[in-house]
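In my numbering, the protein residues as written are 185 to 251. Think of the CB as a built atom: it goes at the ideal place given N, C-alpha and C, for glycine as much as any other residue. In this text the structure is predicted, and so the values were computed from the model without any measurement. Okay, so here's the structure we're looking at.
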Amino acid sequence: MQAQVETPVVDPAEPATPLETSFGNEQPVIAVPYSSLHPSPLNARTRPLSGIEGLAANYEKLTCPHQ
185 MQAQVETPVV DPAEPATPLE TSFGNEQPVI AVPYSSLHPS PLNARTRPLS
235 GIEGLAANYE KLTCPHQ
């Protein structure tokens, strides 16, 4: 016995519905030259993680909030 599989065909020219593209809090995208960017004290990560140990520590911090 063969299972019948139906694959829906989506027309890429057809616009997506608002439910798929609108989340209610969109902000306009602003193009900024890379040279005008600078570090901010508001960034969550102040120094880059290094190695597996740094990534593991960051993962534990995010998944174990009681530490």
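N-terminal and C-terminal residue of the alpha helix (DSSP H) that residue i is part of
i              : result
threonine 191  : Taken as a continuous stretch (DSSP letters only), threonine 191 belongs to no alpha helix (DSSP H), as it is neither H nor E.
asparagine 242 : 235-247
Residue i versus residue j - alpha carbon distance
i             : j             : result
glycine 238   : histidine 222 : 24 Å
glutamate 198 : cysteine 248  : 44 Å
glutamine 211 : serine 219    : 22 Å
glutamine 188 : aspartate 195 : 22 Å
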